[in-house]
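Here's the structure, in C-alpha cells; my notes come after.
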Amino acid sequence: MAPHEAPVVGSLRPFDPSAYAGKAKAAKTTGSAPDPTSDEEVDDNANVQTLAAGQPSPEPQTSPGELKPTLDASSGEASPSTGDTESPSVGSSAIVAKLTPDDNDTRRLVSLRVIKKIYNVEVDDNRHIFAEVDGWTCKIPFRQYREGELVLYFQVDSFLPGADDRFGKGFGKARKLQMFDGKLGQRLKSEKFGCGEDKIVSQGMIMPVQTFPEIWKKLEVVRQFISTGDMKQNIELINQTLLVMYRDRNWAEVLGVKKWEETAPQPQQPEHRRLGMYPAGVFRRTDVQRVEDCPNLFKKQKYDKLVYQESVKMDGAAMVAYYVKKSCTHFGLLNPLPEKVGPNTVLEGAQGARFGVCSNKVEKNELEEQGPGAFRYWETALRLDLPSKMSKLGRNIAIQGELCGELIQGNREGLPEGEQEFFVYAMFDIDRQRFINPRDVEMFAKELGLKHVPVLGYVRLTGIASSHQDLKKRAAQRKGEGLVFKCLADGRRFKVISSTYLLEHGI
Numbered sequence: 001m002a003p004h005e006a007p008v009v010g011s012l013r014p015f016d017p018s019a020y021a022g023k024a025k026a027a028k029t030t031g032s033a034p035d036p037t038s039d040e041e042v043d044d045n046a047n048v049q050t051l052a053a054g055q056p057s058p059e060p061q062t063s064p065g066e067l068k069p070t071l072d073a074s075s076g077e078a079s080p081s082t083g084d085t086e087s088p089s090v091g092s093s094a095i096v097a098k099l100t101p102d103d104n105d106t107r108r109l110v111s112l113r114v115i116k117k118i119y120n121v122e123v124d125d126n127r128h129i130f131a132e133v134d135g136w137t138c139k140i141p142f143r144q145y146r147e148g149e150l151v152l153y154f155q156v157d158s159f160l161p162g163a164d165d166r167f168g169k170g171f172g173k174a175r176k177l178q179m180f181d182g183k184l185g186q187r188l189k190s191e192k193f194g195c196g197e198d199k200i201v202s203q204g205m206i207m208p209v210q211t212f213p214e215i216w217k218k219l220e221v222v223r224q225f226i227s228t229g230d231m232k233q234n235i236e237l238i239n240q241t242l243l244v245m246y247r248d249r250n251w252a253e254v255l256g257v258k259k260w261e262e263t264a265p266q267p268q269q270p271e272h273r274r275l276g277m278y279p280a281g282v283f284r285r286t287d288v289q290r291v292e293d294c295p296n297l298f299k300k301q302k303y304d305k306l307v308y309q310e311s312v313k314m315d316g317a318a319m320v321a322y323y324v325k326k327s328c329t330h331f332g333l334l335n336p337l338p339e340k341v342g343p344n345t346v347l348e349g350a351q352g353a354r355f356g357v358c359s360n361k362v363e364k365n366e367l368e369e370q371g372p373g374a375f376r377y378w379e380t381a382l383r384l385d386l387p388s389k390m391s392k393l394g395r396n397i398a399i400q401g402e403l404c405g406e407l408i409q410g411n412r413e414g415l416p417e418g419e420q421e422f423f424v425y426a427m428f429d430i431d432r433q434r435f436i437n438p439r440d441v442e443m444f445a446k447e448l449g450l451k452h453v454p455v456l457g458y459v460r461l462t463g464i465a466s467s468h469q470d471l472k473k474r475a476a477q478r479k480g481e482g483l484v485f486k487c488l489a490d491g492r493r494f495k496v497i498s499s500t501y502l503l504e505h506g507i
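For the sequence shown, UniProt numbering assigns the number 1 to the initial residue and increments by one for each residue that follows.
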C-alpha cells in the first residue's frame, strides 16, 4: 500500500479587517433548471451518505415578492401535508424548503465513524499519529487504531462526565476536570500541534466502540445478524452497513455526554419560570450541520449548479421569536401557558395569537426577571418591537438569529459594553414547515428594521473550492467563528468552523 500523505496543514493568518465586509462575486443563476421529470432518488437527510445514493432535485427559483399579510390556513393556505409541488404562500413569492420528519436537528456530539486514514507526522521534532475521520483530524495513541476501523467520535465541545473513568483512557494523561451544569467533567477542545506551515489542528477525540459495552452490545447483535454469506469476511462492508443503520444516531445521551456552553450566572427564578422546552414540533431548531457531515458536496454533479448564500457565522446564543395565529394547525403544539402571562404573550388584537421567544433549548417566559447576568431574550424582542411587527405580517412565522454581546460567549463579537444585539440568519414558514429563501430573508429583515448576519455573497461551491479542505481554509482566512452556506434551491445548510478562531479563543 502506498504511503499516505500527511494531512493538509494550515497557518494562523493575520486579522483581515475587510473580511467581514468583503463581498464575493455573485454567482450567475442562468444555469439550466433541474429536470422535474428526473427519476433521481430523494435523500431527505441532507448530504448524509446512504446505501441509496440519490439526492433531491432543487426547486426552481423565482424573484422575491413583498412581505405582506397572508391568509389563514383555514382560508385557503395550503396544508403542511401538501405535496412537493405546493405553491408559494399568498402575498409572497418566497421560495421555501420543505422539511421532513427525518431531518435531524440534534448535533451529533457522539457518533459512529470509520477511520479513513492514519498519518505518522513529525511536528517540531516530535512524532505524532493522527487519524482522519470524515474530514476531522484527531490525534491518537501509537498502534491503537487501524484504517477502516469502526470507532466512536466525540466532537469538540463535548462535556465528558468526570465520574466515568473510561474517558480518561481517551486522553492518555491526567484529565483537567471542571464544573458545568452542576457536574464535574472534561470539556473537549481543539488542540494545536506545531506552528506556522507545520501547524496541525486536532479536533475532537476518537475511542474504540468496545470500550462502551452499552453501545457495543447493540452493534454486536446487528453484526452477527448481517455477518452471513458473502458478508461474513467482509469487515469493511459490515462497518459501512452499521454506519448506514446508525448514521443519525447521537450516542451522547447514552454515555451522559453533554454539549458544553459558555453561560453567564443566571438569577434564581422562584416564580415565572420558563414556559417549556423548545417547541420543535412547531418550527425547526436552529442547529446547522457541519461540513464534515456533508460528504457528497464535491462528489455529486448536482452541487455544481446549486447556488449558496455565504454568510459569517456569528458567535453568540441562538434566539428565536415566533408568531402563531390561533387558526394555525400547529397552534396546539405550543407550550401550555401558566395562569399568569405577560402582556405580549397572548395578543388580544390578533384574536388570541401567540408571540413567544426561545433560546436554542427552551421557551422563555415574558415575566421572567432578567437580572444583570442574564441573556436578554425578551428584552431584546420588545426593544425591537417584534410582537407588533410580526403580528402585522399576519402570517405564522419564526425568525431565527444570533443574540450577541455582553455576557454571551465572552462577547467575542466585540459589541459595546452593556449591549446585546439580535442578528437574523433564517426565517421559518410555520404553515408550510419550510425555511424561507435566504435572499428573501435578507430583504424581509431589512423591511422589518432588523440586522442580518453579514452576507459575503452568493456562490457556487465549485466556484470557490474543490474540496472540504478548501472550504476550511476559506473559513480560516476570514474574521469570525466560521462560515454558513445556505442553498437557495432546497434550503439545506451547513457550517464551516474556522480553526484559526478556535485556537485564538481556546475553544
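We treat Cβ as the ideally placed atom computed from N, Cα and C, and that holds for glycine.
Put simply, the stretch 275-283 does not touch the stretch 464-478. Fewer than three CB pairs are less than 8 Å apart. According to the DSSP secondary-structure assignment, residue 215 is paired through a beta bridge with no residue. Residue 358 is classed as buried because its beta carbon has at least 16 other beta carbons within 10 Å across all chains shown. DSSP places residue 248 outside both helix and strand once states are collapsed to three, so it counts as coil.
DSSP places residue 298 in the coil class of the three-state scheme, outside both helix and strand. Separation of the CB atoms of residue 303 and residue 485 is rounded to 11 Å, and the pair is thereby denied contact status at 8 Å. The closest CA to that of residue 448, considering only 428, 460, 390, is found on 390. Between residue 145 and residue 113 the beta-carbon gap is near 11 Å, outside 8 Å, which marks them as no contact. For the pair residue 422 and residue 446, the CB atoms are not nearer than the 8 Å cut-off. Distance from the CA of residue 471 to the CA of residue 480, rounded to the nearest whole angstrom, comes to 14 Å.
Taking C-beta separations shorter than 8 Å and ignoring five residues to either side along the sequence, the partners of residue 277 in its chain run 335, 361, 362, 363, following chain order. Among the bridge pairs identified by DSSP, residue 137 is matched with 132.
Sequence-distant Cβ neighbours of residue 177 in its own chain, meaning closer than 8 Å and more than five residues away, are 162, 184, 185, 186. Partner residues in the beta bridge of residue 276, as assigned by DSSP, are 363. If you look at residue 399, you'll find it in the beta strand (DSSP E) that goes 397-405. The distance from the Cβ of residue 426 to that of residue 400 is about 4 Å, consistent with a contact at the 8 Å cut-off. Around the beta carbon of residue 506, fewer than 16 other beta carbons sit within 10 angstroms, so the residue counts as exposed. Apart from the 5 residues on each side of it in sequence, residue 216 sits with its Cβ closer than 6 Å to the Cβ of 209, 210 in its chain, given in chain order. Going by beta carbons, residue 129 and residue 118 fall inside the 8 Å limit.
A check of alpha carbon separations from residue 424 across 325, 456, 402 identifies 402 as the nearest. Runs of beta strand (DSSP E) with 3 or more residues, each lying fully within the stretch 405-439, are found at 420-429, 434-436, listed in chain order.
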